[in-house]
Structures are given as C-alpha cells and as structure tokens.
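Residue numbering for the sequence shown follows the working numbering, starting at 392 and increasing by one per position. Everything below concerns the one structure shown next.
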Amino acid sequence: MKHMTSLEDIKNIKISKDRCMHSSNHDEILTGLTTDVYFLRTLDILKYMNLDNQIVTAEIFARKPGVFVGIEEVKNMLKDKDVEVWAVDEGETFEAKDTLVRIKGAYNKFGVFETAMLGSLASASGWATAASAVKKACGDKTFLCFGARHVHPAVAPVMERAAVVGGANGASCVLAAKLMNMEANGTLPHAAMLIAGDTLDVARVYDEVTPASHKRIVLVDTFKDEVEESLRIAKELGDRLFGIRLDTPSERGGVTPYLVKELRSKLDINGYTHVKIFVSGGLTPDKIKILCEAGADSFGVGSYISGAPAIDMTMDIKEVGGESVAKRGRIPGLVENSKLKRIL
Numbered sequence: 392m393k394h395m396t397s398l399e400d401i402k403n404i405k406i407s408k409d410r411c412m413h414s415s416n417h418d419e420i421l422t423g424l425t426t427d428v429y430f431l432r433t434l435d436i437l438k439y440m441n442l443d444n445q446i447v448t449a450e451i452f453a454r455k456p457g458v459f460v461g462i463e464e465v466k467n468m469l470k471d472k473d474v475e476v477w478a479v480d481e482g483e484t485f486e487a488k489d490t491l492v493r494i495k496g497a498y499n500k501f502g503v504f505e506t507a508m509l510g511s512l513a514s515a516s517g518w519a520t521a522a523s524a525v526k527k528a529c530g531d532k533t534f535l536c537f538g539a540r541h542v543h544p545a546v547a548p549v550m551e552r553a554a555v556v557g558g559a560n561g562a563s564c565v566l567a568a569k570l571m572n573m574e575a576n577g578t579l580p581h582a583a584m585l586i587a588g589d590t591l592d593v594a595r596v597y598d599e600v601t602p603a604s605h606k607r608i609v610l611v612d613t614f615k616d617e618v619e620e621s622l623r624i625a626k627e628l629g630d631r632l633f634g635i636r637l638d639t640p641s642e643r644g645g646v647t648p649y650l651v652k653e654l655r656s657k658l659d660i661n662g663y664t665h666v667k668i669f670v671s672g673g674l675t676p677d678k679i680k681i682l683c684e685a686g687a688d689s690f691g692v693g694s695y696i697s698g699a700p701a702i703d704m705t706m707d708i709k710e711v712g713g714e715s716v717a718k719r720g721r722i723p724g725l726v727e728n729s730k731l732k733r734i735l
C-alpha cells in the first residue's frame with residue numbers, strides 16, 4: 392500500500408461529505424494520514440537534498456516503566472516497507488529508557504509513521520500497565536475489563552486487548568474478545584432490572600433462557616438492600632447461581648468492605664457458600680486489595696484502566712549511514728537491550 396511521502400500528497404486527501412465517524416480507518420493509518428505534518432515537510436527537504444533514501448537506524452524508548460503492548464500494529468505498519476525491525480515481546484515489562492523497538496532502513500520508508508507508531512505503543516502500553524497493577528492487587532483472584540464505555544469506540548477494542556495482555560482475565564467489548572479468540576464476558580446491566588421492574592423476575596428469565604454452561608451472575612443493587620436481594624436470588628436459582636454482582640453507586644457510598652463481609656456471612660449462613668461475590672464500580676488497585684481481604688472473589692474494572700495515561704514514547708535516530716549519531720543530551724549510537732528480537 393503506497394503511503395504519503397510529501398506535502399503535495401495532502402492535496403489528494405478527499406474527505407467524504409457523508410463520513411459518519413471522525414476516527415481514522417485502517418487504510419488512513421497505513422497510508423500515513425494520521426502523521427504529524429512536519430514529517431512530510433522533513434521528507435520534502437531531505438528529498439531536495441537527495442538524502443530521503445539515506446539508511447538510518449531509529450530506536451524507540453519509553454520515559455517510564457511499564458508493560459509493552461502495541462507492537463503488532465507497528466509491525467503491520469512496517470511489514471511491506473523494506474525495513475528491518477527488532478522489538479521486545481508483547482507483554483514484556485520494561486524500564487525507563489529501555490530500547491523497545493529498533494528500525495533500520497531508508498528513512499523515506501518509515502519516517503512518516505513515527506506519529507502512528509508512537510501513539511499505538513504509548514496508549515496500549517499505558518492501558519496494559521494499569522491492568523498489570525490491577526492484576527497485582529487481585530492476587531490469585533480474577534478481573535474483567537469493563538472499560539469500553541469510557542473511551543472512543545474506535546479504540547475500545549485496542550484498550551481491552553491491551554488490558555488482557557496486561558493481566559485481565561477477559562473483556563466485555565465484543566470486538567475486543569473476537570480479536571483475541573475469546574468469549575466476551577459480562578453480567579447484566581441495571582437497564583434490564585429497571586425496565587422489567589424487579590430483579591427476581593429478570594433473574595428467573597435469565598436462568599431460563601441461558602445455556603447451562605453459562606455462569607449466572609446477577610446484579611443485586613438496583614431496587615433492594617444488596618444482602619436481601621442476594622438471598623432472594625440465591626433461593627430462587629439455587630446451585631445454578633454462580634455469583635452476584637455488587638455495583639453500589641458512589642451516591643450510596645459505593646461497595647464497602649463491610650457490605651462484602653456481611654453479604655459473604657449471610658450467604659454462607661443460609662447455605663449458599665458456592666455463590667461468588669463479583670464487585671464493580673470505580674475500582675482501583677487499593678480498593679481491590681481491601682475488598683479482596685473482605686471476601687470479594689472477582690472484579691470488573693473500567694475507568695482505572697481506560698483512563699490510564701499513555702506512556703510517553705520517543706523515537707530517536709541513532710545511526711545515519713552506519714555512523715553513530717544523537718541529538719544533544721542523548722548518547723550516540725545504538726542502546727542495546729537483550730530482550731530485542733528480530734520481527735521483520
């Protein structure tokens with residue numbers, strides 16, 4: 392696929408009047424339309440100087456530690472560009488200033504993709520790093536990523552995929568799950584209860600129409616006291632009830648460790664020791680640690696992951712024509728990393 396190499400190419404970009412989304416599509420990314428304009432200006436200047444085809448080696452590093460995700464998209468940007476690429480494995484941890492990607496080839500083959508490459512790595516690594524922190528807080532317990540509603544739909548699958556690489560046990564976004572050959576996971580929203588008017592009525596039908604292999608988890612905070620509602624549902628579904636979900640809103644204090652302890656105790660006393668307690672709603676690693684100790688079994692985490700800051704990535708030219716170079720403040724030449732592997 393031919394990509395932009397000059398400011399002149401901008402004149403050929405046509406935006407359809409009936410375009411319905413502001414997000415870039417795959418072809419627009421792969422042809423360089425999401426680049427910063429100064430890279431095209433650079434290519435024009437270098438071409439005038441007969442230097443645009445100069446063989447260079449560039450390296451990408453991060454400003455702070457994290458979990459590395461996004462290299463598959465970078466690989467797809469570069470796979471037909473006649474360049475050599477080395478990278479750290481996806482899911483690998485890294486420290487600040489570690490070399491994460493190395494690219495060698497004619498500058499006009501890959502320079503225009505610097506913006507897209509850095510953005511893909513920065514966002515995905517930020518989300519994965521947040522998911523890793525959640526995983527650490529969960530210990531041997533599980534969590535799902537519920538973050539799709541907090542980001543633009545164009546990047547929701549990217550975010551939830553990064554979360555799974557970072558440690559999440561599943562994702563609620565259908566497309567994200569499909570991309571990973573997984574089943575999308577999720578319970579029921581408050582909408583079902585509010586429209587039906589009674590949680591128990593919804594639970595009965597949920598049980599009736601759902602395959603036996605599905606783990607039935609019922610949301611219990613819509614109308615009644617969470618403990619009272621949980622016992623009603625447990626009595627109705629019996630052994631078929633896998634778990635209940637607490638999502639008490641912040642207006643009522645959120646899900647507290649005392650609520651979890653009370654619920655666990657009363658479920659056990661009434662013979663429902665098999666019923667798991669799933670918690671969601673504004674969770675952070677610190678909250679998760681406390682709720683784990685209180686008896687929660689699993690978690691749904693959204694905004695902590697989706698709202699994680701991107702990890703600032705930088706690409707530096709480190710060799711030109713085989714000679715070591717660097718801008719002021721950086722060490723000239725390649726920065727070795729034993730974790731780098733040839734991918735193209």
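By construction, the Cβ of each residue, glycine as well, lies at the ideal position given by its N, Cα and C atoms. Remember, it's a predicted structure, so these values are computed and weren't measured experimentally.
In the DSSP output, what is residue i paired with across the bridge?
i, result
"Leu610", "Arg636"
"Gly662", "Bridge partners of Gly662: none, in fact."
"Leu535", "Gly561, Gly691"
"Trp477", "Arg493, Arg733"
"Gly457", "Phe485"
"Val447", "Gly496, Val711"
"Ser671", "Gly691"
"Phe452", "Thr490, Thr705"
Would residue i and residue j qualify as a contact pair, given that the criterion is a beta-carbon distance under 8 Å?
i, j, result
"Thr490", "Ile702", "no"
"Cys737", "Gly530", "For the chain, the structure presents residues 392 to 735; residue 737 sits outside this window and is missing."
"Thr578", "Leu610", "yes"
"Gly482", "Lys526", "no"
"Arg552", "Leu570", "yes"
"His543", "Gly693", "no"
"Leu622", "Asn661", "yes"
"Lys535", "Ala562", "The sequence as given places Leu at residue 535; Lys does not occur at that position. Their beta carbons are under 8 Å apart, which means Leu535 touches Ala562 by this criterion."
"Phe633", "Lys680", "no"
"Phe501", "Lys472", "yes"
"Thr426", "Val492", "no"
What's the call for residue i, buried or exposed, on a 16-neighbour Cβ count within 10 Å?
i, result
"Tyr695", "buried"
"Ala568", "buried"
"Ala582", "exposed"
"Gly517", "buried"
"Glu419", "exposed"
"Gly423", "buried"
"Thr613", "buried"
"Gly451", "This sequence places Ile at residue 451; Gly is not what is there. It counts as buried."
"Tyr597", "buried"
"Tyr498", "buried"
"Ala603", "exposed"
"Ile404", "exposed"
"Pro548", "buried"
"Leu628", "buried"
"Arg636", "buried"
"Val600", "exposed"
"Asp638", "buried"
"Glu617", "buried"
Contact defined as beta carbons within less than 8 Å: I believe residue i pairs with residue j. What is the distance between those atoms, to the nearest angstrom?
i, j, result
"Thr533", "Ser697", "About 19 Å; that fails the 8 Å criterion."
"Pro723", "Gly672", "About 51 Å separates the two Cβ atoms, so there is no contact after all."
"Leu431", "Leu398", "5 Å"
"Thr448", "Lys495", "4 Å"
"Gly538", "Ala554", "7 Å"
"Ser523", "Val460", "So it is not a contact: roughly 10 Å between Cβ atoms."
"Arg655", "Gly686", "4 Å"
"Leu725", "Glu475", "No, Leu725 and Glu475 are not in contact; Cβ-Cβ is about 13 Å, not under 8 Å."
For the ligand ZN, I want to know if residue i counts as a neighbour, meaning its beta carbon is within less than 7 Å of at least one of the ligand's heavy atoms.
i, result
"Val556", "With respect to the ligand ZN, the structure offers nothing, as it holds no ligand at all."
Could you spell out the range, first to last residue, of the beta strand (DSSP E) harbouring residue i?
i, result
"Asp707", "704-711"
"Lys405", "Per DSSP, Lys405 belongs to no beta strand (DSSP E) and is neither H nor E."
For the alpha helix (DSSP H) containing residue i, name the first residue and the last one.
i, result
"Arg552", "547-557"
"Gly517", "505-529"
"Ala582", "581-587"
"Met468", "462-469"
"Thr590", "590-600"
"Leu437", "428-439"
"Ala685", "676-685"
"Leu628", "617-628"
"Glu419", "417-421"
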